[in-house]
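Novice:
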Amino acid sequence: MTRIAAFLALLVVACSGESCTDPAITPSAYTTSDAVISSESVFIVELSLACANGAQSVTLYADVNGRQFPVTRGQDVGKYQVSWSLPHKQASSGTYQVKFFDEESYSALRKAQRNNEDVNAIQPLFSVNIDHRGAWSGPWVSTEVVAALIGILVYYMAFSAKSTIQA
Numbered sequence: 330m331t332r333i334a335a336f337l338a339l340l341v342v343a344c345s346g347e348s349c350t351d352p353a354i355t356p357s358a359y360t361t362s363d364a365v366i367s368s369e370s371v372f373i374v375e376l377s378l379a380c381a382n383g384a385q386s387v388t389l390y391a392d393v394n395g396r397q398f399p400v401t402r403g404q405d406v407g408k409y410q411v412s413w414s415l416p417h418k419q420a421s422s423g424t425y426q427v428k429f430f431d432e433e434s435y436s437a438l439r440k441a442q443r444n445n446e447d448v449n450a451i452q453p454l455f456s457v458n459i460d461h462r463g464a465w466s467g468p469w470v471s472t473e474v475v476a477a478l479i480g481i482l483v484y485y486m487a488f489s490a491k492s493t494i495q496a
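In this note's numbering, the protein residues as written are 330 to 496.
#1: Quick check on Y484: buried or exposed, where buried means 16 or more other Cβ atoms within 10 Å of its Cβ?
#2: Whole angstroms is fine: what's the gap from S436's alpha carbon to E446's?
#3: Can you check DSSP and say which residues form a bridge with V371?
#4: Find out if the Cβ-Cβ distance for the pair L478, F430 is shorter than 8 Å.
#5: Take the Cβ of W469 as the centre, count every other Cβ of all protein chains shown within 10 Å, and call the residue buried at 16 or more, exposed below.
#6: On the three-state DSSP scale, how would you describe V457?
#7: Cα separation between V474 and I481?
#8: Count the other CB atoms, across all protein chains shown, that sit within 10 Å of the CB of Y409; report buried if there are 16 or more and exposed otherwise.
#9: Using the Cα positions of A335 and E347, report the straight-line distance between them to the nearest angstrom.
#10: Rounded to a whole number of angstroms, what is the C-alpha to C-alpha distance between S377 and A464?
#11: Consult DSSP for Q426 and reduce its assignment to one of helix, strand or coil.
#12: So, using beta-carbon positions, are P453 and K428 closer together than 8 Å?
#13: Looking at the structure shown, is R439 part of a helix, part of a strand, or coil, going by DSSP?
#14: Within 10 Å of its beta-carbon, does D392 have 16 or more other beta-carbons around it, so buried, or fewer, so exposed?
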């Protein structure tokens with residue numbers, strides 16, 4: 330009986346994610362800048378995480394404007410990535426705050442959401458600010474229209490010159 334209890338206790342410890350204390354992060358980010366060739370704005374945040382307690386396999390979740398996303402762990406130790414996309418019209422330019430939660434704080438966040446409590450009271454493990462400059466949707470007038478207008482103008486000038494010469 331004690332062997333079973335010891336095995337279950339070991340299983341619980343092995344299955345739970347590590348907790349990170351005093352995280353040190355090195356973030357990098359990418360956002361879509363050209364709306365001509367893409368249908369949505371994409372946001373990608375990559376980061377390196379080092380914990381003071383030496384935790385290496387920390388399970389993380391990200392929260393962006395009330396939407397939660399799982400954070401994937403990279404092949405290298407301490408490398409993480411989260412990404413999401415929005416339609417160009419919803420992805421306005423500005424600063425997006427990405428809050429990162431460990432398992433414990435994420436479960437508290439989900440509980441607060443279920444109970445309609447204040448989610449701002451739950452402190453994230455750390456947060457990263459992403460600057461999105463907006464997506465460029467191309468020139469106001471396409472080059473084909475400009476070329477057609479120039480062609481019509483040249484034709485009009487040539488026809489006018491021909492008419493004055495013949496008159």
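Ideal Cβ placement from N, Cα and C applies to all residues, glycine included.
Specialist: Let's see:
#1: Residue mapping note: residue 484 aligns to position 155 of the sequence shown, counting from 1. Under this definition Y484 is an exposed residue.
#2: Position 107 of the sequence shown, counted from the start, is the residue given in the question as residue 436. Position 117 of the sequence shown, counted from the start, is the residue given in the question as residue 446. Cα-Cα distance, rounded: 13 Å.
#3: For this step, residue 371 is matched to residue 42 along the sequence shown. Bridge partners of V371: S414.
#4: Residue mapping note: residue 478 aligns to position 149 of the sequence shown, counting from 1. Residue mapping note: residue 430 aligns to position 101 of the sequence shown, counting from 1. Cβ atoms of L478 and F430: not closer than 8 Å.
#5: Here residue 469 refers to the residue found at position 140 of the sequence shown. Classification of W469: exposed, given that the 10 Å Cβ count is below 16.
#6: If you number the sequence shown from 1, residue 457 lands on position 128. Correct three-state label for V457: strand.
#7: Taking the first residue of the sequence shown as position 1, residue 474 is located at position 145. Taking the first residue of the sequence shown as position 1, residue 481 is located at position 152. C-alpha separation (whole angstroms): 11 Å.
#8: The residue labelled residue 409 in the question sits at position 80 within the sequence shown. Answer is buried; the Cβ neighbour count reaches 16.
#9: The count along the sequence shown starts at 1 and reaches residue 335 at position 6. The count along the sequence shown starts at 1 and reaches residue 347 at position 18. The pLDDT assigned to A335 is 46, lower than 50, so where the model puts this residue is not dependable; a value taken from the coordinates is nonetheless given after this. C-alpha separation (whole angstroms): 20 Å.
#10: In the sequence shown, residue 377 corresponds to position 48, counting from 1. In the sequence shown, residue 464 corresponds to position 135, counting from 1. When rounded, the distance between both Cα atoms is 27 Å.
#11: Reading the sequence shown from its first residue, position 97 is the one you call residue 426. Strand, per DSSP.
#12: As a working mapping, residue 453 is identified with position 124 in the sequence shown. As a working mapping, residue 428 is identified with position 99 in the sequence shown. Yes.
#13: As a working note, residue 439 is residue 110 in the sequence shown. R439 falls in the helix class under three-state DSSP.
#14: Within the sequence shown, residue 392 is the residue found at index 63, counting from 1. Buried.
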